[in-house]
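Under UniProt numbering, the very last position in the sequence shown is 535; numbers go up by exactly one each time.
As structure tokens, the structure follows; a few thoughts come after it.
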Amino acid sequence: MKLLKAMATVAGFSMISRVTGMVRDIMMAGFMGAGPLSDAFFVALKLPNMFRRITAEGAFTVSFVPLYSKTTELEGEQAAGEFAGKTFSMMALILSVFSILMMIFMPWVIKLIAPGFEVGEERFQPAVDMTQITFPYLLLMSLTALFGGMLNVHHKFGPFAAAPIFFNICAISAILIGHYFFADPVSAIPYAMAWGVTLSGFIQLWMMIHYVRKYKISYSWQGFVWDEKIKKIFKLMGPGFVGSGILQINIFIDTLFASLLPIGAISYLYYADRLQQLPLGIIGLAVGAAILPMLSRSIASGNIQQSRELFNRSLEYTYIIALPAAVALLIIPIPIVALILERGAFTQADTITTSYVVMGYAVGLPAYIAGKVFASIFWAQGDTMTPVKISIANSLLNTALCFAFIKLTPLGISGIALATGLSGWLQLILYSRKLKGIEIAAYDEQFKNAFPQICLSACAMAIVLAGLGYVLKDYFHGHTLAKLISVAALISAGGVTYIGAIWYFGIVKIEEIKKLLNRKRLKDETNPIGDAADE
């Protein structure tokens, strides 16, 4: 239950972040549509974000958090604070040098990641300029992740989960400034947003430092010390760079192939990815932020039974939310995309193309989210090589499928997304095989009973959505009010069906919801997992 509370805290702030992000994307689609400047900006946004998700949210987090958690548990707060200070200094130095080099060689980097952007072509130079502006975001957010990881280990999940909201506020402000204060808004908005990205990095870093001080978490600034713990972090980060960032590597591959397609393809990928990131980001971030520090402490203390309980409940909660989210994006992507994006420069044709891309990504949505839970077992035990091997297999399959779908089928841009979705299931299958025989990852009776019932509930939801979607299809591209009512009707009908089904099966219990909402009661419980989110 404490795990559920921790996941709910992170998911709640993530939901606010995703909603404000959706407002940002609505404004971007309306003002920029899918054209050469939007393609250039999305490359400029994806490059530092790809490295950020691999380092800040991936390799660094899964390397630093278990070691910091173990140091806190075994050596005390002061030793953990000194360790964090040494880590900060080394990360700041290495990422500063890396960022400067990337900015200097950005023209060649753009040619590598977007080979379809040829020198002299209308997308190339804007992509170079804007990526040079946005790239410091990698350094800022990696340092933000360090302080956020410290907060998570001390069960202060809220601040780090809330930080991305400020990214969206800066982006929205930049759009408004570009639109209202420049003579050529279409050209000004992408550049204004690029500056907004970097500004938001400074704000989020300051915010994490503030909360570390507020909660009196031990931290001491240190010089550049290359001791055994720092060596271990970077040793773990090497394979973790690949293992934890596989989805981002696949998105990089997607971008590379998309740059070879007609103008607008990268924009379609971005908008579709943003829609799948709503459930993927909320659930995946909640699972990753909550389970890794808890699991690391549990394993460090030698409590196998508690570790197994954490694994099973995380997987169960993940599927309860991920499966219906994937079903909705597979069955009714057109009305969702039309309601959110279809206005201004974003046309009905853009909606149709983006919807097919959404469906491709949705195929692998449950696999990628569940994969975070499986990977946490390996990270918490210090095993980084297994995720790397699985990640390499995933990337190879994704690359092969992208090439095959583009060259051998008429799928086009949607084939790229489908390749990413299908390769996610290979990753999950390989994780499952590797975890066989590991006691922590053994499925308990509660999960064995719940999983098929969750699948049946999602199937019932799919039938209702397909039937009602057919009835309402004429309203998907009409007036905004008609689109809103049709989507509301679909979500309500599907939601009621799904919730009713899982309630009927007894997967969700009233008692658990009451406990989740009763924060005081949770604090008084003596669960060894500890207080999950005391904000």
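Glycine is no exception: its CB is placed at the ideal position from the N, C-alpha and C atoms.
Rounded separation between residue i and residue j - CA only
i           : j    : result
Y191        : A161 : 27 Å
A145        : G178 : 30 Å
M91         : L490 : 47 Å
D474        : K434 : 48 Å
I230        : V357 : 42 Å
K520        : T497 : Confidence at K520 is low in this model, with a pLDDT of 37, below 50, so its placement is unreliable and no value can be given for it.
D444        : I321 : 19 Å
S14         : P164 : 8 Å
E73         : I463 : 49 Å
R297        : N303 : 9 Å
V472        : L329 : According to the sequence as given, residue 472 is Leu; it is not Val. About 16 Å.
I529        : I299 : Note that I529 scores a pLDDT of 32, beneath 50, so its modelled location is shaky; the value from the coordinates is reported in the next line. Each residue's Cα considered, the two are about 11 Å apart.
residue 565 : L112 : Outside the displayed range of the chain (1 to 535) lies residue 565, so it cannot be described from this structure.
M208        : S259 : 36 Å
E121        : P279 : 36 Å
T526        : L310 : With a pLDDT of only 36 at T526, under the threshold of 50, the placement of this residue in the model should not be trusted; the figure read from the coordinates follows. Whole-angstrom Cα-Cα distance: 16 Å.
G469        : A393 : 37 Å
L275        : F346 : 15 Å
E342        : A482 : 13 Å
V487        : I429 : 34 Å
V19         : I340 : 11 Å
G437        : P366 : 23 Å
G382        : E77  : 21 Å
residue 597 : T354 : What the structure shows of the chain is the stretch from 1 to 535, and residue 597 is not part of that stretch, so it cannot be assessed.
I334        : M359 : 10 Å
A460        : A493 : 11 Å
K235        : A466 : 49 Å
F252        : I502 : 37 Å
L143        : W226 : 18 Å
A194        : T61  : 26 Å
T351        : L256 : 22 Å
H155        : I507 : 27 Å
G85         : H210 : 15 Å
P159        : F64  : 18 Å
K216        : A79  : 15 Å
T384        : A375 : 9 Å
A40         : F124 : 7 Å
G12         : R53  : 20 Å
P48         : F505 : 44 Å
F83         : I332 : 49 Å
T55         : H479 : 43 Å
T87         : I189 : 37 Å
S17         : E439 : 36 Å
R213        : Q305 : 35 Å
L426        : S187 : 42 Å
L101        : F447 : 49 Å
Supposed contact pair residue j and residue i - C-beta distance, whole angstroms, cut 8 Å
i           : j    : result
residue 536 : A59  : Outside the displayed span of the chain (1 to 535) sits residue 536, for which this structure offers no information.
H477        : A349 : 11 Å between Cβ atoms; not a contact.
L67         : I233 : 6 Å
A44         : A127 : 6 Å
S423        : N398 : 4 Å
S96         : F135 : Rounded, the Cβ-Cβ distance is 11 Å, inconsistent with contact.
E316        : A450 : 5 Å
M395        : I249 : The question names Met, yet the displayed sequence has Ser at residue 395. Right, the Cβ-Cβ distance comes to about 5 Å (below 8 Å), so this counts as a contact.
G364        : G421 : 3 Å
C402        : I416 : 5 Å
A174        : G149 : No, A174 and G149 are not in contact; Cβ-Cβ is about 28 Å, not under 8 Å.
F51         : L140 : Wrong, their Cβ atoms sit about 12 Å apart, outside the cutoff.
Q222        : S89  : 6 Å
Problem set entry | Ordered list of alpha helix (DSSP H) runs contained in the stretch 297-384, each at least 4 residues | Taking only runs of at least 4 residues, the alpha helix (DSSP H) segments lying wholly in the stretch 297-384 are 304-331, 333-341, 348-363 and 365-380.
For this session: Please confirm if the stretch 266-282 is in contact with the stretch 24-42, defined as three or more CB-CB distances below 8 Å between the two stretches.
Result: yes
Exercise. Per the contact definition of three or more C-beta pairs closer than 8 Å, is the stretch 166-183 in contact with the stretch 191-203?
Worked result: yes
Exercise. Is there contact here, the stretch 450-468 with the stretch 322-342, by at least three beta-carbon pairs under 8 Å?
Worked result: yes
Exercise. Counting pairs of Cβ atoms below 8 Å between the stretch 395-410 and the stretch 366-373, do you hit three or more?
Worked result: no
For this session: Decide yes or no for the touch test of the stretch 113-132 against the stretch 16-28: beta carbon pairs closer than 8 Å, at least 3 of them.
Result: no
Problem set entry | Completely contained beta strand (DSSP E) runs for the stretch 433-479, where each covers 3 or more residues | none
Exercise. What alpha helix (DSSP H) runs, 4 residues minimum, are completely inside the stretch 41-106?
Worked result: 60-75 and 77-104
Problem set entry | Continuous alpha helix (DSSP H) assignments of at least 4 residues falling wholly in the stretch 164-204 | 164-180
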